[in-house]
Structure formats: structure tokens, C-alpha cells
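A.B. asks: Its first residue numbered 1076, the sequence shown is counted upward by one per residue in this note's numbering.
Glycine included, each C-beta is placed from N, C-alpha and C at the ideal position.
Predicted model only: the values in this text are computed from it and were never measured.
My questions all concern the structure below.
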Amino acid sequence: MKKSYQKYIPFEGVKLNNRTWPDKKIERAPIWCSVDLRDGNQALVNPMNLEQKLRFFKMICDVGIKEIEVGFPSASETEYEILRTLIDDNLIPDDVTIQVLVQAREHLIRKTFDAIKGAKNVIVHFYNSTSTLQRKVVFETDMLGVIGIAVDGAKLIKSLADEMKRSTGMNIRYEYSPESFSGTETDNAVWICNEVMKALGANEDEKVIINLPNTVEMSTPNTYADQIEYFCRRLENKKAAIISVHPHNDRGTATAATELAIMAGAQRVEGTIFGNGERTGNTDIMNVAMNMFSQGVDPLLDFSDINAIRDVYEECTNMRIHERHPYVGELVFTAFSGSHQDAINKGTAFMQKTNGDFWEIPYLPIDPADVGREYEPIIRINSQSGKGGAAYVMQQHGFSLPKQMHAEFGSLVKEACDKLGREISPEEVLALFKHEYIELSEATHEVPEPCKLGKYRMHEERHNGDDVTVEFDGTLIYQGKATEISGSGNGPIDAFFNALHKVGFENYDFISYSEHAIAAGSDSKAVSYIRLKHNDKEIFGVGIDNNISVASIKGILSAINRQKMKGIRKQNGAKS
Ligand code: KIV
Ligand code: ZN
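Written out as C-alpha cells, the structure is:
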């Protein structure tokens, strides 16, 4: 018995000898043409209304696209009205050309010319299907019949355009699409396009756009590229043509097909801003453009505020952008995995240190700021995240945790995620940090009797220039009672430690500390990270104060209280 996949006929590509496109690079932007308002719109459950189309049109103009297919005015009254509003209300910028689609049929062509009257720059885009399959099952005609339809349409269009140009001074250009080009024998596509170009009187000064649609994506992108290169080699009056491509995304490879087609000779690309279009969509212009951008090629389009463009798109089409959509999806500048977070963190530090000219951050193909996304949390924290991620988030909050502290804080964050069973936000990471390290001087069930400082005095004496002695005297409140302590040392930390050692804290040893300033409201404070050893185990504490010496002392007390807290947590865990 035949298996279900055996009912499909494998695609036979064109035979192209010595193809050159695989060695080509994309070095400049093609001419872009947006078909959002036609191909995109006709694929919507609820097509856009007038207001939505006008808003979308403005957004396309702002992106910098200069050729915009605005509709199929002969096919629907709404499309006709929208086109008239654009023209009558002077909403089309002078450097933008509107494009209208029409089938190569007389009454539709005449209605289309009524619709475009008064526009400054227009492309009349006509088409008929040429594919082997459609000739067989839809039109029941041969190539000569199909060529006849296209040539008759071309002659009528040229005569109506000549007349309109003469009487109005309008600038009218032509585009012809052999619809389902990739499903047409490529020699037949060349044949019909040669005939259409002759009928339109194409020449180097009045070039005709020859648009070669991948109406239904047929095979791997290389086969489309082969067809484009083959077509370009054989078209008779190539210099009088602008070769355009119009890929659809049935196999999910429209972006690749477009890129290979450009390498194969396409000079113009038709597509939609985020790929909306019939079935699985059209080529995503933003995706192709930003791919160029990421290779150091100017796409001549502006996606620097991609979220605003996404908002217009979503509000006008009622479609949603997927979280993983290249460049625009909610999650595409986010790293959950620990090793990725760590590498991004290191890449960011490397770029800051070297101040280089190029973007060199692993896992981020472009700088999110280039599409206006600099304020998003690049790193998000869940139980998969590593120490680098938590440290990065703290860095964003203004705290540069010392490297040795990353593992300790990272595991606290991981524990919190596991406990909650979800991602935690940057604000929650900060709250956890404050709870674990800073807010320990007030009694809680975890540290019922925290160790804290009452009144104190610190006095510094300098001898022979650089030699310093610090005297510390103060009250330590511990286990509910106040104890007077005093000590001296070569700095505030040493003096305080020596004072602590005298009253029963001998099993704490000081290892190291680091400090930096943090902005807190209008004034600046110091944060001190203290690393202590308690019975051979390391523990960190953090202190914040206006005075750097006091911040360090608070950091020591924070480490001691954390040690107590750990003990109490362990006991509670053992009981439960
Ligand atoms: O996909 C297609 O072939 C089209 C044509 C009308 C250009 O949209
Ligand atoms: Zn299409």
C-alpha cells in the first residue's frame, strides 16, 4: 500500500550549469516593496478598515519603504475607497510610489485606472498565473493562451497609461508577475516575460518591474535561487527590467529564499513587515533587512523603534508577534541559560573595557539598543540560570558583586526560583538580595536577636605620614543585651574585628572586602561586600551607609547575622 507521503511529487528544479550565486554576498539593500496592505491584508480574518490601513500606511512610510502596494482596487469597493482617500487627502509622500494590483483582464484594468487618477507616482502591477499545474487544472490552456492574456493586458495598460500620463503628468510605471513563477517551467516564464516587456515597450529609461513570485514555496531556497539566476541569464532585454522577488513562506524558509534570490540577481523584494500573508505568510521584510544590518550592510530601513512598529502591526491586523520572532519577539534578547548569561555578562564587560568599535557579545547577534530595546531585561532569571545571571541583574540595579560572591548569591536565587516554581523578576532578585544581606539588623523569625551596633566612636590617628591606627569604641547589641566593645587596628575593619574577637567572636576571620559607591536617591552611598570565614566556611555580608567605614562594619555584622540565619534555617529544615 502507498504511504501517505508517497502521494507528493518531488520538485524538479531548473538545470543550471556553473551557478554563480553561492559565491555572492549581499552588499547593498534591494528596492523594498511592502505588500502589507494587499497580500497581507487579504490574508486577515478581519481585513483592515480605513483607519487601520491609513495608520499602517504611515508606519510603512516611516520605516522608509518607498514602494507600497496599497490594494486591489478593482476587486473591492473598500480597497477602491481607501486608495481614493490616500490620493484625495494628499496622504502619500512625494517620494513614495503606490502600487495597485490587477489581474490581466480588461474591465478590471479599466476600473484600476479610474482608481489611481491624481496620484503622483504609481506602479500598475498586473498578473496572470502561468504555472504548469494551474494551466492543467484551472485554465485548461497552453502557454500560448496564457501569453495571449498577459500581452493583451499589457497592451491595454500601456495605452491607458500613455493617455493618463499625457493628460495628467502622472508618473506611471509597470510591474508584471507571472504568478506561481517557481511552479512554472523557467523557460516558459522567460518567454512570457519577454513578450510582456515588448508589449509594454520596456527600455533602459522606462524599466519594467518583472516580479517572480514563489507563490507557493516549492522546495529548498537554493532551487528558487537557481530559477532566479537562470531567468536573469536568459531574459532578452535584462537591462530594461528590474528583477523583483515575492516569496511566500509555505516551507518556513522565505527569509532564506529571499536572501539567496538576492545573491542570484534579484534587485527588488516584495514582502510584509513581519511576514503576515496568505497561509504561512510572505517574506518578512524586517527579518531580511535586520539580517543585512547584522552583517554591516545598511538596509536603508529604520527599525530603531521596533516595539512601536510591532504595536501598530498588532493593533491594525489583530495578529500577535510570536515571542521568538527574530529581532522583535518578546524573548529574543533574553537569556535564561546560565552559561549564556555568563557569556553575555563577560561580553558586556569586555566591550566596556576595550571600548572597541564592533559588537562582540556572544548570544546577541545585534545590540538590542539598535532596535530600541535597551531597557528590557536582557537576562531573565529562572531555575536554569547561573551565577552570572543573578550578578548581571544586580549590576543593572547598581550593585557590582565581587566575583567570589556570585556563586553564593546565585544559589540563593536558584533556590528561590525552585521554591516558587517560576521565573523571578529583576525586582524580586533585588528584594531577595536586600532580605538576605541588608535587612538583617531588625529581628525576624529567622534572626530573632540580630547582632547590631548601638552608639560608637571611631578615631583615626596618623603617624609618620601613611601609618594609621584606628580606635573603635561602641556598644554591640547581641542576644538581647548591650556589650561595650573596643579594639584598635590598622583600619576601621581591623579595629572592629579586633573588638569583636575580645567578646566571643573568635571563630570569625576576615578574608577580604570590596566597596563601591551607589546612587541612592539624590545622595550617593557606599556599599561594602565583606567576605568572612566561619569555622572554615566562607560567608558574605553586605553593608550600606553614607560613610564607607560604617558600611564595612555593617557588612561584617550582616555576615555574622547571616551565619546565624543559616543555622536557624538548617535547624528548622531538620525539624520539618
Ligand atoms: O503570491 C503571489 O504570487 C502574488 C502575486 C499576485 C504577485 O501575490
Ligand atoms: Zn503573494
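Do you know how far the Cα of Ile1318 is from the Cα of Ala1341?
C.D. replies: Near 5 Å, if we compare the C-alpha coordinates of Ile1318 and Ala1341.
A.B. asks: What residue ranges within the stretch 1109 to 1148 form continuous alpha helix (DSSP H) runs of no fewer than 4 residues, ordered along the chain?
C.D. replies: Listed in chain order, they are 1125 to 1138.
A.B. asks: To the nearest angstrom, how far is it from the Cα of Ile1441 to the Cα of Leu1375?
C.D. replies: Their Cα atoms are separated by approximately 17 Å.
A.B. asks: Straight-line CA distance for Lys1090 to Ser1234?
C.D. replies: Answer to the nearest angstrom: the Cα atoms are 38 Å apart.
A.B. asks: Alpha carbons only, please: which of Ala1300, Val1271 and Asn1357 is nearest the one belonging to Ile1337?
C.D. replies: For the residues Ala1300, Val1271 and Asn1357, the minimum Cα distance to Ile1337 belongs to Ala1300.
A.B. asks: Measuring only from the beta carbon, is Glu1666 closer than 8 Å to any heavy atom that is part of ligand 1?
C.D. replies: It is not possible to answer for residue 1666, since the shown part of the chain is limited to 1076 through 1651.
A.B. asks: Taking the C-alpha atoms as reference points, what is the distance between Thr1519 and Phe1615?
C.D. replies: Cα-Cα distance, rounded: 19 Å.
A.B. asks: Please name the residue or residues paired with Leu1551 in a DSSP beta bridge.
C.D. replies: The partner list for Leu1551 (beta bridge, DSSP) reads Leu1528 and Thr1558.
A.B. asks: Run through the DSSP bridge pairs and tell me what Asp1584 is partnered with.
C.D. replies: Answer by DSSP bridge pairing, in chain order: Lys1608.
A.B. asks: In three-state DSSP terms, what is Asn1647?
C.D. replies: It is helical.
A.B. asks: Along the chain, where does the beta strand (DSSP E) containing Thr1172 start, and where does it finish?
C.D. replies: Thr1172 -> beta strand (DSSP E) spans Thr1172 to Gln1178.
A.B. asks: Can you list, in chain order, the residues of its chain with a C-beta nearer than 7 Å to that of Lys1530? Leave out the 5 residues immediately preceding and following it.
C.D. replies: Hits under 7 Å: Gly1549 and Thr1550.
A.B. asks: List, from N- to C-terminal side, the alpha helix (DSSP H) runs of 4 residues or more that fit wholly inside the stretch 1373 to 1410.
C.D. replies: With a minimum length of 4 residues, the continuous alpha helix (DSSP H) runs that stay inside the stretch 1373 to 1410 are 1381 to 1392.
A.B. asks: Could you work out which residue in Ser1460, His1472, Val1171 and Gln1471 is closest to Leu1487 when comparing CA atoms only?
C.D. replies: Of Ser1460, His1472, Val1171 and Gln1471, the residue nearest in Cα terms is Ser1460.
A.B. asks: Can you check DSSP and say which residues form a bridge with Thr1544?
C.D. replies: Looking at the DSSP assignment, Thr1544 forms a beta bridge with Glu1536.
A.B. asks: Distance check for Leu1505 and Pro1477, CA to CA, integer angstroms please.
C.D. replies: Cα-Cα distance, rounded: 16 Å.
A.B. asks: Quick one: grab the DSSP three-state call for Tyr1450.
C.D. replies: At Tyr1450, the pLDDT of 42 sits below 50, so the modelled position is not reliable and the matter cannot be decided from this model.
A.B. asks: Can you tell me whether Gly1616 is helix, strand or coil according to DSSP?
C.D. replies: In the structure shown, Gly1616 sits in a strand (DSSP, three-state: E or B).
A.B. asks: Under the criterion of a Cβ to heavy atom distance below 8 Å, does Pro1288 qualify as lining ligand 2?
C.D. replies: Yes; taking the cut-off as 8 Å, the Cβ of Pro1288 has a heavy atom of ligand 2 nearer than that.
A.B. asks: Specify the secondary structure class of Ala1589 as computed by DSSP and reduced to three states.
C.D. replies: The question names Ala, yet the displayed sequence has Ser at residue 1589. Here Ser1589 sits in strand by DSSP.
A.B. asks: If we ignore side chains and look at the alpha-carbon of each, how far apart do Leu1575 and Ser1561 end up?
C.D. replies: Distance between the alpha carbons of Leu1575 and Ser1561 is about 8 Å.
A.B. asks: What does Ser1603 pair with, by DSSP beta-bridge criteria?
C.D. replies: Answer is Glu1590 and Gly1618.
A.B. asks: Can you tell me whether DSSP reads Thr1333 as helix, strand or coil?
C.D. replies: In this structure, Thr1333 counts as helix in the three-state DSSP scheme.
A.B. asks: Determine the DSSP secondary structure at Val1283, reduced to helix, strand or coil.
C.D. replies: In the structure shown, Val1283 sits in a strand (DSSP, three-state: E or B).
A.B. asks: In three-state terms, what does DSSP make of His1321?
C.D. replies: The answer is strand: DSSP assigns His1321 an E or B state.
A.B. asks: Evaluate the contact criterion for the stretch 1084 to 1103 versus the stretch 1349 to 1358: three or more CB pairs, one atom per stretch, below 8 Å.
C.D. replies: As far as the Cβ criterion goes, the stretch 1084 to 1103 does not touch the stretch 1349 to 1358, which means the pair count is below three.
A.B. asks: Just list the residues that DSSP pairs Pro1501 with in beta bridges.
C.D. replies: Partner(s): none; Pro1501 has no beta bridge.
A.B. asks: Does DSSP put His1520 in a helix, in a strand, or in coil?
C.D. replies: His1520 falls in the coil class under three-state DSSP.
A.B. asks: Mapping the DSSP letters down to three states, classify Tyr1438 as helix, strand or coil.
C.D. replies: Tyr1438 falls in the coil class under three-state DSSP.
A.B. asks: Between Thr1153 and Ala1190, what straight-line distance do the alpha-carbon atoms span, to the nearest angstrom?
C.D. replies: For Thr1153 and Ala1190, the distance between alpha carbons rounds to 12 Å.
A.B. asks: Straight-line CA distance for Ser1149 to Ile1198?
C.D. replies: Spanning the two alpha carbons is a distance of roughly 15 Å.
A.B. asks: Taking 9 Å as the threshold (beta carbon to beta carbon), is Asp1098 in contact with chain B?
C.D. replies: Here there is only one protein chain, and chain B is not present.
A.B. asks: If you run the structure through DSSP and keep just helix, strand and coil, what is Gly1220?
C.D. replies: In this structure, Gly1220 counts as helix in the three-state DSSP scheme.
A.B. asks: Quick test of your reading: Leu1515 and Arg1644, contact by CB under 8 Å. State the CB separation rounded to the nearest angstrom.
C.D. replies: About 13 Å; that fails the 8 Å criterion.
A.B. asks: What would DSSP say about Pro1097, mapped onto helix, strand or coil?
C.D. replies: If DSSP states are grouped into helix, strand and coil, Pro1097 belongs with the helices.
A.B. asks: Any chance the CB of Asp1114 is under 8 Å from a heavy atom of ligand 1?
C.D. replies: It does: the Cβ of Asp1114 is within 8 Å (strictly closer) of some heavy atom of ligand 1.
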